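*Asks:* Protein chains in written order, with my numbering: chain A, 992 to 1135; chain B, 126 to 226. Please see the structure below; I have some questions.
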């Protein structure tokens, strides 16, 4: 079964909430991985930045391939299988192996060239500052 | 979770991302190995527009066979994975030589 890899280089538009968001903006990048949403992600929007946290335990930094554009964050992850304990030695073998990944759409106008990422305790945190014009600004209400 | 054997140990590897390792409790009580983590309230990184995971409490019990050395379990924590190594060898099998007479 061949599947097209879909890109989410969408022009900025009003940001849908709820389940629409999930299906349109956060589909797995490798559809043939056969399941939804791997690795799981939380996406946060602040006044001045977007933060994405991916739940990604036990991966070596060199096996994480993270790229950002102004419209999406793409994460590809490998857990190599070579050099492992042979399968007959396993009593339980549940942890994900091989390649997996996803693309997540950007929920605000950002400057992806300024993105940064850190990986700690199995959580990959990606921080992307908003473009100046997209930052929240308080509007003073003039009275009188 | 993965559980496998090497020559020397039975090894358990549990994925517990985002947990503070101070909050992991490991107990051995007779034949039972207990693991527990209590999740703390996550500090919010902003207004969540998509949330696919949240901190959860984790509790698991394992029955240890008599042939494992429950006194010398080694635990290590790396990148959100807790690894427990339980040495084999509380009981050893003996080859019994049959002496020819």
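Glycine included, C-beta positions come from ideal geometry on N, C-alpha and C. Nothing here was measured: the structure is a model prediction, and the numbers come from that model.
(1) Can you give me the C-alpha to C-alpha distance between residue 152 of chain B and residue 185 of chain B, rounded to a whole angstrom?
(2) Examine chain A for any beta-carbon lying closer than 7 angstroms to the beta-carbon of residue 212 of chain B, and answer yes or no.
(3) Residue 1109 of chain A: buried (16+ other C-beta within 10 angstroms of its C-beta) or exposed?
(4) Assuming residue 140 of chain B and residue 1086 of chain A make a contact with CB atoms under 8 angstroms, what is their CB distance in whole Å?
(5) Along the chain, where does the beta strand (DSSP E) containing residue 78 of chain B start, and where does it finish?
(6) Under DSSP, the beta strand (DSSP E) around residue 1069 of chain A begins and ends at which residues?
(7) Could you confirm whether any beta carbon from chain B is found closer than 7 angstroms to the beta carbon of residue 1096 of chain A?
(8) Under 7 angstroms Cβ-Cβ, which residues of chain A neighbour residue 170 of chain B?
(9) So which residues on chain B does residue 1085 of chain A lean against when the C-beta distance must stay under 8 angstroms?
(10) Could you spell out where the beta strand (DSSP E) holding residue 1043 of chain A opens and where it closes?
(11) Verify whether the separation of the beta carbon atoms of residue 115 of chain B and residue 188 of chain B is less than 7 angstroms.
(12) Going by the beta-carbon positions, is the gap between residue 1088 of chain A and residue 1070 of chain A smaller than 7 angstroms?
(13) Report the residue from B:177, B:160, B:173, B:206 whose alpha carbon sits nearest the alpha carbon of residue 1048 of chain A.
(14) When you compare each of A:1111, A:1132, A:1131 to residue 1052 of chain A by their alpha carbons, which one comes out closest?
(15) Thinking residue 1098 of chain A and residue 1036 of chain A are a contact (beta carbons under 8 angstroms), I'd like their distance in whole angstroms, please.
(16) Could you compute how far the alpha carbon of residue 1125 of chain A sits from the alpha carbon of residue 159 of chain B?
(17) Leaving out five residues before and five after residue 995 of chain A in sequence, what residues of the same chain have Cβ atoms less than 7 angstroms from its Cβ?
(18) Name the chain A residues that come within less than 9 angstroms of residue 149 of chain B, Cβ to Cβ?
(19) Could you check which residue in A:1129, A:1107, A:1131 has the C-alpha nearest to that of residue 1120 of chain A?
(20) Does residue 1025 of chain A come within less than 7 angstroms of chain B when only Cβ atoms are used?
*Replies:* By the coordinates alone:
(1) For the purposes of this step, residue 152 of chain B is taken as the residue at position 27 of the second chain. For the purposes of this step, residue 185 of chain B is taken as the residue at position 60 of the second chain. Cα to Cα, residue 152 of chain B sits roughly 11 angstroms from residue 185 of chain B.
(2) The residue you call residue 212 of chain B lines up with position 87 of the second chain. No, residue 212 of chain B lies away from the interface with chain A (no Cβ there is under 7 angstroms from its Cβ).
(3) In the first chain, the residue the question calls residue 1109 of chain A occupies position 118. Its Cβ having fewer than 16 others within 10 Å, residue 1109 of chain A is exposed.
(4) Counting from 1 along the second chain, the entry for residue 140 of chain B is found at position 15. Counting from 1 along the first chain, the entry for residue 1086 of chain A is found at position 95. Confirmed, about 6 angstroms.
(5) This structure cannot settle anything about residue 78 of chain B, because the visible part of chain B is limited to 126 through 226.
(6) As a position in the first chain, residue 1069 of chain A is number 78, starting the count at 1. Element bounds for residue 1069 of chain A: 1063 to 1070.
(7) Position 105 of the first chain, counted from the first residue, corresponds to residue 1096 of chain A. It does not: the Cβ of residue 1096 of chain A has no partner Cβ on chain B nearer than 7 angstroms.
(8) Start at 1 with the first residue of the second chain, and residue 170 of chain B comes out as number 45. The answer, in chain order, is 1035, 1042, 1044.
(9) Sequence index remark: in the first chain, residue 1085 of chain A carries index 94 (1-based). Neighbours of residue 1085 of chain A on chain B, chain order: 126, 127.
(10) The sequence position of residue 1043 of chain A within the first chain is 52, counting from 1. First-last of the beta strand (DSSP E) with residue 1043 of chain A: 1040 to 1046.
(11) Since the displayed chain B opens at 126 and closes at 226, residue 115 of chain B lies outside it and no answer follows.
(12) Residue numbering aside, residue 1088 of chain A sits at position 97 when the first chain is read from its first letter. Residue numbering aside, residue 1070 of chain A sits at position 79 when the first chain is read from its first letter. Contact flag set, yes.
(13) In the first chain, residue 1048 of chain A corresponds to position 57, counting from 1. It is B:206.
(14) By 1-based counting over the first chain, the position of residue 1052 of chain A is 61. With distances taken between Cα atoms, residue 1052 of chain A lies closest to A:1111.
(15) Reading the first chain from its first residue, position 107 is the one you call residue 1098 of chain A. Reading the first chain from its first residue, position 45 is the one you call residue 1036 of chain A. Right, the Cβ-Cβ distance comes to about 6 angstroms (below 8 angstroms), so this counts as a contact.
(16) For the purposes of this step, residue 1125 of chain A is taken as residue 134 along the first chain, with counting starting at 1. For the purposes of this step, residue 159 of chain B is taken as residue 34 along the second chain, with counting starting at 1. Residue 1125 of chain A and residue 159 of chain B: Cα-Cα distance of roughly 49 angstroms.
(17) Within the first chain, residue 995 of chain A is the residue found at index 4, counting from 1. Its pLDDT being 32, under 50, residue 995 of chain A is placed unreliably by the model, and the measurement read from it follows with that caveat. Same-chain partners within the cutoff: there are none.
(18) Within the second chain, numbered from 1, the residue matching residue 149 of chain B stands at position 24. Those within 9 angstroms of residue 149 of chain B in chain A number zero; the least Cβ separation is about 11 angstroms.
(19) As a working mapping, residue 1120 of chain A is identified with position 129 in the first chain. Ranking A:1129, A:1107, A:1131 by Cα distance to residue 1120 of chain A puts A:1107 first.
(20) One-based indexing of the first chain puts residue 1025 of chain A at position 34. With a pLDDT of 44 at residue 1025 of chain A, under the threshold of 50, the modelled position of this residue cannot be trusted, and the question is left open.
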